[in-house]
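These protein sequences, in sequence, are chains A, B, C, D, E, F, G and H.
Residues 4 to 151, numbered by this note's numbering, are exactly what the first sequence covers, in order.
Residues 4 to 151, numbered by this note's numbering, are exactly what the second sequence covers, in order.
Residues 4 to 151, numbered by this note's numbering, are exactly what the third sequence covers, in order.
Residues 4 to 151, numbered by this note's numbering, are exactly what the fourth sequence covers, in order.
Residues 4 to 151, numbered by this note's numbering, are exactly what the fifth sequence covers, in order.
Residues 4 to 151, numbered by this note's numbering, are exactly what the sixth sequence covers, in order.
Residues 4 to 151, numbered by this note's numbering, are exactly what the seventh sequence covers, in order.
Residues 4 to 151, numbered by this note's numbering, are exactly what the eighth sequence covers, in order.
Data block below; observations after.
8 protein chains.
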Amino acid sequence: MFNVYLSGEIHTDWRDEIKKLSFEKKLNIFFSNPELNHEYSDRCGNSILGEETNQFWSDHKSAKINLIRTRKVIKEADIVIVKFGNKYKQWNAAFDAGFCIALNKSLIVMHDDSNQHALKEVDASALAVVKNAEEVVKILSYVIDGKL
Amino acid sequence: MFNVYLSGEIHTDWRDEIKKLSFEKKLNIFFSNPELNHEYSDRCGNSILGEETNQFWSDHKSAKINLIRTRKVIKEADIVIVKFGNKYKQWNAAFDAGFCIALNKSLIVMHDDSNQHALKEVDASALAVVKNAEEVVKILSYVIDGKL
Amino acid sequence: MFNVYLSGEIHTDWRDEIKKLSFEKKLNIFFSNPELNHEYSDRCGNSILGEETNQFWSDHKSAKINLIRTRKVIKEADIVIVKFGNKYKQWNAAFDAGFCIALNKSLIVMHDDSNQHALKEVDASALAVVKNAEEVVKILSYVIDGKL
Amino acid sequence: MFNVYLSGEIHTDWRDEIKKLSFEKKLNIFFSNPELNHEYSDRCGNSILGEETNQFWSDHKSAKINLIRTRKVIKEADIVIVKFGNKYKQWNAAFDAGFCIALNKSLIVMHDDSNQHALKEVDASALAVVKNAEEVVKILSYVIDGKL
Amino acid sequence: MFNVYLSGEIHTDWRDEIKKLSFEKKLNIFFSNPELNHEYSDRCGNSILGEETNQFWSDHKSAKINLIRTRKVIKEADIVIVKFGNKYKQWNAAFDAGFCIALNKSLIVMHDDSNQHALKEVDASALAVVKNAEEVVKILSYVIDGKL
Amino acid sequence: MFNVYLSGEIHTDWRDEIKKLSFEKKLNIFFSNPELNHEYSDRCGNSILGEETNQFWSDHKSAKINLIRTRKVIKEADIVIVKFGNKYKQWNAAFDAGFCIALNKSLIVMHDDSNQHALKEVDASALAVVKNAEEVVKILSYVIDGKL
Amino acid sequence: MFNVYLSGEIHTDWRDEIKKLSFEKKLNIFFSNPELNHEYSDRCGNSILGEETNQFWSDHKSAKINLIRTRKVIKEADIVIVKFGNKYKQWNAAFDAGFCIALNKSLIVMHDDSNQHALKEVDASALAVVKNAEEVVKILSYVIDGKL
Amino acid sequence: MFNVYLSGEIHTDWRDEIKKLSFEKKLNIFFSNPELNHEYSDRCGNSILGEETNQFWSDHKSAKINLIRTRKVIKEADIVIVKFGNKYKQWNAAFDAGFCIALNKSLIVMHDDSNQHALKEVDASALAVVKNAEEVVKILSYVIDGKL
């Protein structure tokens, strides 16, 4: 069984597309993801451990709690797929990518042509650079089941 | 001796400021940095190994050659300082930060308030978040020489 | 499934509280703990391997046998929760925390305000600092099931 | 050359004793230590990066900056000597000890008999348990120069 | 259960022989292999991610996608069996062997006498050098079930 | 579940004793061992891969094949129990013990008083030194089920 | 200073070319190489440890002694340059390349176009693929001194 | 420079022979060894830390102090040479050999024919098996200076 972590962009449905297509091809995959509820991921710290008046520490508390999850799923992943979009800075996505490469995970980067030059260092460490969910699932299908 | 790698933003003189202030304080530091000539870092692949017509592979070749340097300096660093600015996407800076954390390097992140929320995941793994070169050198001076 | 090691204080029922609350929320967790019978943990060495007249070696034998268990459960843990109370020195709890951090485990520290300053170095390496079992389980519920 | 990190108690002069005795024996040792100025170690965060009104975050900032130093010296140490006294909780000393053991450093623990039982788990991972600076330096002299 | 990765030559049926003989002996083994369809392994990159006119980048894209699979199966393998034949250069087989040794995998090399001298460096790191599938399965049977 | 590797002496029935006593206590343990048939372990190389006239290479071939098994079971073990007897040199048992300690396995050494001084270096790295199978199983029962 | 290991082909003078050009550019490099005397590398085992009548064991003894050197120089290398030529099978060169990649060394592969397809798996793990010594030294000069 | 640790037998002058021959050949080697004074190595614990009446703990204290030295020199060694003689059990020598192999050190084993069969498992992990100091130094000379 392959363990695939879907990192990056959380405001589009690219994860569902990959899961749906993988399910149709009956691929034996366990998918994981970061917290996908943007609001939850921002306020989990304050919500659970009490309000912070200072924005830095407020974000700090939440970001660390989110790390408990991402560390676990990255550590267990065979393949990490990181999706970059045009909205938001997405530095956390690039951070995840760097973290994965240092742990020798297989990295697949997903983005459109407009971000190609800006992502050249991330792409250079990836084993595949793709444009959409279809390409991701074709790779997974080939790698897992040998089907092309 | 401390080994400090200065990663991130390359179009301002923040590295020189840190070096100058550290020199004035006589701190025992070996500084390293990525290739700072933006044009060189973009075209080293084509320049050395031959032109590519495809922009992706052109960037790919250059990015990989740059990796030879950054891998070496990151591996030898005790402290990695990553500076984020408002210009460019700087995904490579965030990538470096993630890579360093996975290797258990001490990370110091430098950015102004406007990027605070977007950098919360990177800041959450740092041992210090600073606003300018003066703060960096105060930390280095304290950590190395115990002066406050 | 998450693997959670509950380290530290053994004379209160904080572990049972966490387990009960986690069970109510149907969290998919495997909990482990050190030997909780204080007397057993003190005299297992003498009891199994023969009496020592010297208190140092008596403690030494028992502490090493207890290490067989704690090493195993720490190695397998995703999350280590260390509870500090006001009774006893609890240096073994802080020792466990340091051990876990060096192994890149996610650390949650539990203590009340009175020990905050004394625990600042331990807290600085934690991903969350909590006051009670309710907060622990809220974090586990959020991290595992994404519920807030 | 041996690299020896002197961790723990900072309000007595045990480090100077060890250094003086080692110097007299002409032992080839590089000694390192955490920040020894208690006040500095408490307020370095606020002093360098700005005041925090909240005690927790104030301590947090300082503790993390101190970590930049301790991580470096621990990583480079062959031998880590941790001194426990009767004043203060010294959880950071036990944390350092656990961290060192996980990194396979040779640990020497220094304490008097009154703390023997409370330190049994820490002692159980040590290669020597000593009472004073004289014993430490006799060990260093034997280990480095083979003199008894 | 033993996890055995069958690397190297893909144009003969040596893998089937090993699997058949192991099945007959009811050995508890999970076998893995690289992509065995030579054409697929050559054109997976172009097929999934779009045609490349340049042969180098065409091969590059495919080779990296194949790496996603081989990294996974090598990482999970207890034993790696590498078969060298007389056809093709098979540098990838030798590359796999070197990669496995650096990861402390148990290596079994399979080749006939004609390649003995050329493979002496690879053989020198192996735990067994065999001539055919029968010898492989005898070793597996002995190692797993203690039968000779 | 605990994974326990029983290394060392193969001409007495100490392994069966441990297994029988553990079974009676219903301990949840997976036991592994090296090849126990002395003759097989000596001649597996010649038997499978062809006769060697030179005793050194004959032993070499067999010893390496046996390594395929021992590496696997050691890597998967939580606890390694090494039994030293008075017959034979048993350098392989001491070799296993050193190998295990470098991999941070929990080591239990079993021997009678007559070998105590000669085994002091091995004992010094162990978490328990025992005299017989009963003591081993008492430790396992305590460590796994908390029963004393 | 960069540490560069020159692996592969030993019957041409490509190493001298690289060293000469690097010297002219005053690059701060420590170069290492395997044993370059082909005859010595083949017969060192027999020569030092006594003749073997069996070719396999003769090669085995020599190959292992050569490993003492190559392990040392690979472990210390920042960059490994592997040259493939058309003469000989050069499986040891590909083995070295795989070994280096597993140790996260920066790999530069040198070969002409005729071997491009056969080396695609090795090239896919390299940070640069070059045709000659000039290109190697241009990369070293750029990576070390930032000159293009 | 090569770092060579000379482990094992301490009652003959084999280390001096190796050092003398290496000096004559001007080999660039840093040699290290365990404590060579047998009496010191037995009683260092009691001598420094106080008498133990129980022989086990007396040996335990000394063996652990000796470990401080051996861990340091093994960790820094490129090559470990372990000499087995006929006197004493020398389980500590075999323990050192196993420890080194797990750390991927290059192992050379030195013994005469009478111990060949008993040492087959240790020899199987070595890169050379030699009979005397002359052979050791020939290997060192070849590996370091390429002279045969």
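Glycine residues also receive a C-beta, built at the ideal position from the N, C-alpha and C atoms.
All values derive from a computational prediction rather than experimental measurement.
Item                                                                                                                                : Value
Arg-72 of chain F: contacting residues in chain E (beta-carbon distance under 7 Å)                                                  : Val-146
Beta carbon proximity, Cys-47 of chain G to chain I, threshold 8 Å                                                                  : No chain I appears in the structure shown, which is made up of the protein chains A, B, C, D, E, F, G and H.
Chain-ordered neighbours of Ser-91 of chain A on chain B, where CB pairs are closer than 8 Å                                        : A small fix is needed here, since residue 91 of chain A is Tyr in this sequence, not Ser. The answer, in chain order, is Ala-121.
Exposure label - Asn-31 of chain H; buried when at least 16 CB within 10 Å                                                          : exposed
Proximal residues to Asp-62 of chain A (C-beta, below 8 Å), its chain only, five neighbours per side dropped                        : Asp-45 and Gly-48
Residues of its chain near Leu-151 of chain E, where Cβ-Cβ distance is below 6 Å and the 5 sequence neighbours each way are ignored : Tyr-145
Whether Leu-52 of chain E touches Ala-136 of chain A by CB criterion (8 Å)                                                          : no
Beta-carbon gap between Lys-86 of chain G and Glu-27 of chain G smaller than 8 Å                                                    : no
Contact belief for Phe-33 of chain H with Ile-82 of chain H at Cβ below 8 Å, rounded distance in angstroms                          : Between Ile-82 of chain H and Phe-33 of chain H the Cβ distance is about 11 Å, and since that is not below 8 Å, they are no contact.
Contact the stretch 100–110 of chain A vs the stretch 96–104 of chain B: 3+ CB pairs below 8 Å                                      : yes
Any chain C beta carbon closer than 8 Å to Ile-68 of chain A                                                                        : yes
Test item: CB-CB of Ala-105 of chain B and Val-7 of chain B under 8 Å                                                               : no
DSSP state of Gly-48 of chain C mapped onto helix, strand, coil                                                                     : helix
Beta bridge counterpart(s) of Phe-5 of chain E as assigned by DSSP                                                                  : E:Ile-32
Residue closest to Leu-24 of chain G, alpha-carbon to alpha-carbon, out of G:Val-139, G:Ile-147, G:Asp-148 and G:Gly-149            : G:Val-139
Minimum Cβ-Cβ distance from Val-133 of chain A to chain B less than 8 Å                                                             : no
Three-way DSSP call (helix, strand, coil) for Ala-131 of chain A in this model                                                      : strand
Within 8 Å, strictly: CB atoms of Tyr-43 of chain E and Gly-149 of chain A                                                          : yes
Buried or exposed by the 16-neighbour rule on C-beta atoms within 10 Å, applied to Gln-58 of chain B                                : exposed
Proximal residues to Asp-126 of chain G (C-beta, below 6 Å), its chain only, five neighbours per side dropped                       : Val-112 and Val-132
7 Å CB neighbourhood of Glu-20 of chain E in its chain, flanking five on each side removed                                          : Ala-136
Backbone CA spacing between Ile-68 of chain F and Arg-72 of chain G [nearest angstrom]                                              : 25 Å
Residue burial classification, Glu-38 of chain B (beta-carbon count within 10 angstroms, cutoff 16)                                 : buried
Ser-35 of chain D and Ile-84 of chain D closer than 8 Å at C-beta                                                                   : no
Contacts that Ile-142 of chain H makes with chain G (C-beta to C-beta distance below 9 Å)                                           : Cys-47, Ile-51, Leu-52, Ile-68 and Ile-71
Residues that DSSP places opposite Ile-111 of chain C in a beta bridge                                                              : C:Ile-84 and C:Ala-131
Glu-124 of chain B, buried or exposed, once every other Cβ within 10 Å from all chains shown has been counted against 16            : buried
Chain D contact for Ile-32 of chain B (CB, 8 Å cutoff)                                                                              : no
CB contact below 8 Å: Ile-82 of chain E versus chain F                                                                              : yes
C-beta neighbour in chain G for Asp-99 of chain E, strict 8 Å                                                                       : yes
Gly-11 of chain C at chain A interface by Cβ criterion, 8 Å                                                                         : no
Neighbouring residues, chain C, relative to Glu-55 of chain A (Cβ below 7 Å)                                                        : Correct list: empty, because the minimum Cβ distance to chain C is about 13 Å.
Alpha helix (DSSP H) segment containing Ser-65 of chain C, residue limits                                                           : 58–79
CB contact check: Trp-17 of chain A to chain D, cutoff 8 Å                                                                          : no
Of the residues E:His-14, E:Lys-22 and E:Asp-16, the one placed nearest Lys-141 of chain E, counting alpha carbons only             : E:Lys-22
Collapsed DSSP secondary structure at Gly-11 of chain A in the structure displayed                                                  : strand
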